[in-house]
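Numbering (the UniProt record's numbering), first residue to last: 1 to 133. Virtual Cβ for every residue (Gly too), placed ideally from N, Cα, C. Data first, discussion second: the structure below is written as structure tokens.
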Amino acid sequence: MLALYRGGRATGGQDLTLSHSAVGQALQFIYEHLSEQLTLTMIAEAVAISPAHLIRLFQLQLHTTPMAYVWEQRITLGIKLLEQTGLSVGMIAEQCGFQSRFHFSRRIRQAIGYTPLEVRHRSWQLDPAAQEK
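Listed below in structure tokens is the structure:
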């Protein structure tokens, strides 16, 4: 599955102690604008460094690129919303910054091997209380 960073902690429990404040600022900007059409240039401009330098900092500290991080966060949020809400796939796609529900479905399937509806149904099977919602 994805090696994702959630809430300031890596999935392995590792603290994301960022040695360069630009990365922390970039992460904050990404979280605040996740539903928007983000570009590398927009993120770099928000933290006042060049796109190339931002890529280097992300690779050094997070072992990924800024845009790969954005897509991982969108996918993570999408999966969470599929599992925890009754929102339509189209509404979730929009809230997560995908251009269409088809793009969202393709990215989810590529990342975890299941369609959005399969993700939702699997979460219901694992949580009987969710079926009552």
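Sub-8 Å separation of residue i and residue j beta-carbons
i      : j      : result
THR115 : SER105 : yes
SER123 : LEU82  : yes
ILE55  : VAL119 : no
Neighbour-count burial assignment, residue i, 16 or more Cβ in a 10 Å radius
i      : result
ALA48  : exposed
PHE102 : exposed
CA nearest to the CA of residue i, picked from the options
i           : options                          : result
CYS96       : GLU118, GLN110 and GLU72         : GLU72
residue 140 : GLU32, HIS121, GLU118 and LEU126 : This structure does not reach residue 140, given that the chain is present from 1 up to 133, and the question cannot be answered.
PRO66       : LEU38, ARG109 and VAL89          : LEU38
ALA68       : ILE30, HIS121 and MET91          : ILE30
For residue j and residue i, the rounded distance between their alpha carbons
i      : j      : result
GLY113 : THR76  : 14 Å
ALA22  : LEU60  : 12 Å
PHE98  : HIS53  : 26 Å
GLN125 : LEU117 : 12 Å
PRO51  : ALA26  : 11 Å
MET1   : GLU94  : Low confidence applies here, because MET1 scores a pLDDT of 37, under 50, leaving its location unreliable; read the following figure in that light. In a straight line, the C-alpha of MET1 is about 23 Å away from that of GLU94.
ALA46  : PHE58  : 15 Å
ALA111 : THR64  : 15 Å
GLY24  : ARG74  : 18 Å
ARG107 : LEU62  : 21 Å
GLY90  : GLN28  : 25 Å
LEU4   : HIS121 : Summary for LEU4: the model assigns pLDDT 38, below 50, so the residue's position carries little reliability; its value from the coordinates is reported in the next sentence. Taking the straight line joining both Cα atoms gives about 22 Å.
Problem - Cβ contact (3+ pairs, closer than 8 Å) linking the stretch 83–100 and the stretch 39–58 - result: A contact is defined here as three or more CB-CB pairs under 8 Å, and the stretch 83–100 fails this definition with respect to the stretch 39–58.
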